[in-house]
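Residue numbers (our numbering): 75 to 165.
Note that the Cβ used here is the ideal one computed from N, Cα and C, for glycine as well.
A quick note: this is a predicted structure, and the numbers were derived from the prediction, not measured.
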């Protein structure tokens, strides 16, 4: 569950409250641009995948170590497997 972030000024650095089950994104559709409501995941996660690809190109060991985590992002919005029980195909 992507909980979003309800940013508050708790101290000099601030604080992001995003702990399940009190997820700000599940209460307000506008938190995190609707990401908690499965809106535009290709847009949101594409930045993460692109950045990870750049890092993996420069540091192949990092890419191998984080491949499974990045594949989860990819499967969220571009899953090619129709039998996947966690993510729909081609959201």
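Presumed contact (8 Å Cβ cut-off) between residue 154 and residue 162, rounded CB distance
At roughly 11 Å, the Cβ-Cβ gap does not stay under 8 Å, so residue 154 and residue 162 are not in contact.
In this structure, how does DSSP classify residue 89 when only helix, strand and coil are distinguished?
strand
Name the two residues that bound the continuous alpha helix (DSSP H) containing residue 134.
134-139
Going by DSSP, which residues form a beta bridge with residue 154?
Beta-bridge pairing links residue 154 to no other residue.
Could you name the residues that DSSP lists as bridge partners for residue 163?
Within the DSSP bridge table, the entry for residue 163 names 153 as partners.
Taking the beta carbon of residue 151 as the centre, do at least 16 other beta carbons fall within 10 Å, making it buried, or is it exposed?
In summary, residue 151 is buried, with 16 or more beta-carbon neighbours lying within 10 Å of its beta-carbon over all protein chains present.
Beta-carbon spacing of residue 140, residue 125 below 9 Å:
no
Taking all protein chains shown into account, do 16 or more other C-beta atoms lie within 10 angstroms of the C-beta of residue 97, making it buried, or fewer, making it exposed?
buried
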